[in-house]
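Just below is one structure, and these are the notes that go with it.
Number of protein chains: 2
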Amino acid sequence: MVNKRDLSPASFIGVAKKGLISFGSGQPDLPPPDAVYQILPEYRDFKYGLIQGLTTLRVALAKQYPGSGKDDFVVTNGASEALDLSLRVLASLNTKLPKKVLLAQPYYYSYPHLIQFSGLEPVYLQTTRGRIDLDDFRDKAKQCCAVLINSPSNPTGRVESVETLKEIEKITAKLGIYVLSDEVYKELIYVRDNYLLSGPHVVTINSFSKTYAMCGFRIGYLWSRDKTFVERVIAMKTHSSMNTNILGQEMALEATKVPRQFIAGQLKIWEQRRDLLYQGLFELGLDVWKPEGAFYMLPKIDRPRDFVWDMYTKHKVITYLGDWFGAPGSVRFSYALDVEKIDEGMRRLREYLSGRK
Amino acid sequence: MVNKRDLSPASFIGVAKKGLISFGSGQPDLPPPDAVYQILPEYRDFKYGLIQGLTTLRVALAKQYPGSGKDDFVVTNGASEALDLSLRVLASLNTKLPKKVLLAQPYYYSYPHLIQFSGLEPVYLQTTRGRIDLDDFRDKAKQCCAVLINSPSNPTGRVESVETLKEIEKITAKLGIYVLSDEVYKELIYVRDNYLLSGPHVVTINSFSKTYAMCGFRIGYLWSRDKTFVERVIAMKTHSSMNTNILGQEMALEATKVPRQFIAGQLKIWEQRRDLLYQGLFELGLDVWKPEGAFYMLPKIDRPRDFVWDMYTKHKVITYLGDWFGAPGSVRFSYALDVEKIDEGMRRLREYLSGRK
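So the protein lines, in turn, are chains A and B. The opening position of the first sequence corresponds to residue 595 in the working numbering, with each subsequent residue numbered one higher. The opening position of the second sequence corresponds to residue 595 in the working numbering, with each subsequent residue numbered one higher.
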């Protein structure tokens, strides 16, 4: 499956080798709260659910988003489908705005694909050490019908400043263009509380995958105050996938009832891992930013394709090639693995780098 | 939600009124086999699964499709997503064939929407009392890059003859165009065994929704011997929704282990209901075809919009307006409800029709 010319993140999914250490996968290794499984033994439903999503789940979500109601949400097959539907709806709008979407580079590797699948064209923002350049933003946003924001960012771990985010709200409102705000890492911020981008032109995308470690169940959602936009998303989903898995939604509902302590506890674990990996990469003299959120680092690495390939084939360590994230010259490390494994991975990394010509 | 100008099938989803009789919904009312719930109490997985689908499930499916292997399948969010992904992949192919898809009218109401969402254009086949006209097929297939076949058909209940299906295989093979064969009702045929359309140019679409009453869990799949096509579907799903709900897939795997007797038992129930509803509509003098498969009838009805609206608002009976299925002048009746309810629904129908001017 994995070959050196490709090295796509998807090609590593499901790879199993004895003694493998993976800094690859973008999913929590610790399980969801027990509560999500407690409803399983008695569960007996089987019929179609509402396309928009389970009402009780949307009511619970509305409590988390100030000024919102259950009708502002659509529950989807992960944040992926929320984004896919949003982009397809954007592409179908009868507007004179250019069919282009602005996004920061480096980016989550699915973004350009999804934008293109929907018939739109990606326009890339310059970033300075992972941060959006507002001058470049002002300039390029004019050529677009929407901007896609991802703070905290996969793969950079950057959290944009509140000032930058407020400025983005203003610029886009003035231009009359949409903001798609992918906030799936909003509960995984080490430096401050999340700043929820908002406004009638904002579509917020989130999921239960990262916060509650429910990746495999594929429960995501979007939130928007634009009624017409929400209706169009529902209309499209009616045909493209119908309701999201009914049992997965009930499990997500249970997750919303779990005390906030669970999230705080997880955050501490992530922070400890971040510090360990950051220290290790820093001591190796690598050029790397200390993550402010999410669970990724993006160090600069010479000959990164050789690095990823050799680390995998010779040292049984998975890392992801930066090229896939619009970051040539870099390699993405996820720290979704326990500290013992991070230590062992770092040991192998040191071994490899010390022998590298 | 329900209003007379719209009367879309989706607007009836989730409608609950005391004493309501629904000939609307296209989902089994009887539960899935018990076995699918038996794995729930011990279930503890949570991580991403393979985008292509659970290996054990694909191995089980391969046993049902002669000459196939697990790599020929992609598990999807219901047949809907299988169809959506197939159409989007078709639209993205670099081919000189016209960007048009041929389908029979009347059609399942999502088809034209999905075709258009993907950037393709629907071309409609004439049917004679619900059957495909092969001369028309030969003529129009030349203008298309794919044909979409749905036998047994929703909403007509028609099963095309084996001769017709074989001819369709031949014509399309000669033209070098794809066949998307939606066979979700393949286990619900009253007149013969299913004829599985096949060939390297055929993409078969199926699901666990109808056969195993698992609609709400959204487990569908596609099967194709065209490796490149399958790879393109996986590549797209990698970004648009990732893996299908892991627990739903495990439940579907359990369904594949249930003895065929379950399906035979269900078929008997469907046949009894069909006979009852057909007899009732026939005795009322309505022009209706006796269904050979699936669980729908499509009688001709004068002023069908008034009929659907009045039956719903005055007699608490849900039926679906034929216009949504490309069948103006008709109304769709599903018989996914027990015989007592069918009897009561027929009583109300007689009452209404006897008082109709």
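Just so it is clear, CB atoms sit at the ideal spot from N, CA and C, and this is done for glycine as well. Note that the structure is a prediction, hence the values are computed from the model and not measured.
Here the C-alpha atom of B/MET836 lies approximately 26 Å from the C-alpha atom of A/GLY724. When DSSP assignments are scanned along the region 746 to 812 of chain A, the uninterrupted stretches of beta strand (DSSP E) that are 3 or more residues long and fall wholly within it turn out to be 772 to 776, 796 to 801. Scanning chain B for C-beta atoms nearer than 7 Å to the C-beta of A/LEU634 yields LEU634, PRO635, TYR637, reported in chain order. Burial is judged here by how many other beta carbons sit within 10 angstroms of a residue's own beta carbon; B/ASP733 has fewer than 16 and is exposed. Going by C-alpha positions, B/ARG638 is about 12 Å away from A/LEU624.
For B/GLN621, the residues of chain A that pass the 9 Å Cβ criterion are PHE640, LYS641, TYR642, in the order they occur in the chain. Within the DSSP secondary-structure output, A/TRP864 pairs in no beta bridge.
Judged by DSSP secondary structure, A/PHE606 falls within the alpha helix (DSSP H) whose first and last residues are 603 to 606. The distance from the Cβ of B/ARG926 to that of B/TYR872 is about 14 Å, inconsistent with a contact at the 8 Å cut-off. When rounded, the separation of the alpha-carbon atoms in A/PHE856 and A/LEU782 is 12 Å. In the DSSP annotation of this structure, A/PRO700 is not part of any alpha helix (DSSP H), being labelled neither H nor E. In this structure B/ALA740 does not touch B/THR721 by the C-beta definition: roughly 18 Å separates them, more than the 8 Å allowed. Where A/SER928 is concerned, the enclosing beta strand (DSSP E) starts and stops at 925 to 928.
The Cβ atoms of B/GLU865 and B/GLY751 lie no closer than 8 Å to each other.
Put simply, the backbone Cα of B/GLU675 is about 16 Å away from that of A/LEU644. Within the same chain, and ignoring the five residues on either side of B/ARG942 in sequence, the residues whose Cβ sits closer than 6 Å to its Cβ are HIS909, VAL911. With the rule of 3 Cβ pairs closer than 8 Å, the region 814 to 822 of chain A does not count as touching the region 650 to 661 of chain B. The beta carbon of B/ALA767 sits closer than 7 Å to the beta carbons of GLY793, HIS795 from its chain, once the five residues preceding and following it are set aside; these are given in chain order. DSSP places B/MET595 in the coil class of the three-state scheme, outside both helix and strand. Think of a sphere of 8 Å around the beta carbon of B/ALA921: no beta carbon from chain A falls inside it, the nearest being about 18 Å out. Against chain A, the beta carbon of B/PHE856 has no neighbour under 7 Å; the closest one sits roughly 14 Å away. Only those residues of the region 674 to 688 of chain B whose C-beta falls short of 8 Å from the nearest C-beta of chain A are listed: SER674, GLU675, ASP678, ARG682, SER686. Using a CB distance cut-off of 8 Å, B/ILE645 counts as an interface residue toward chain A. Residue nearest to A/VAL827 within the set A/GLY647, A/LYS611, A/ASP776, A/SER616 is A/GLY647 (criterion: CA-CA distance).
Taking a C-beta cut-off of 8 Å against chain A, the contacting residues of the region 802 to 823 of chain B are ALA807, MET808, CYS809, GLY810, PHE811, ARG812, listed in chain order. Straight across, the Cα-Cα distance linking B/ASP730 with B/GLU757 is about 16 Å. Runs of alpha helix (DSSP H) with 4 or more residues, each lying fully within the region 865 to 911 of chain A, are found at 898 to 909, listed in chain order. Rounded to the nearest whole angstrom, the C-alpha separation of B/LEU931 and A/LYS641 is 13 Å. The beta carbon of B/LEU614 sits closer than 8 Å to the beta carbons of LYS910, VAL911, ILE912 from its chain, once the five residues preceding and following it are set aside; these are given in chain order.
With at least 16 other beta carbons inside 10 angstroms of its own, B/LYS804 counts as buried. Contact between B/ALA888 and B/TYR779 holds, with the beta-carbon distance rounding to 4 Å and staying under 8 Å.
The C-beta of B/SER928 comes no closer than 8 Å to any C-beta of chain A. A/SER605 and B/ILE726 have their C-alpha atoms some 43 Å from each other.
In chain order, LEU875, MET891, PRO893 place their CB closer than 6 Å to the CB of A/VAL882, counting only its own chain and leaving out the 5 sequence neighbours on each side. Among the residues of the region 695 to 711 of chain A, those with a Cβ less than 7 Å away from any Cβ of chain B are SER704, HIS707, LEU708, PHE711, in the order of the chain. Residues of the region 830 to 841 of chain A that bring their beta carbon within less than 8 Å of a beta carbon in chain B comprise MET830, THR832, HIS833, SER834, SER835, MET836, ASN837, THR838, ASN839, ILE840, LEU841, in sequence order.
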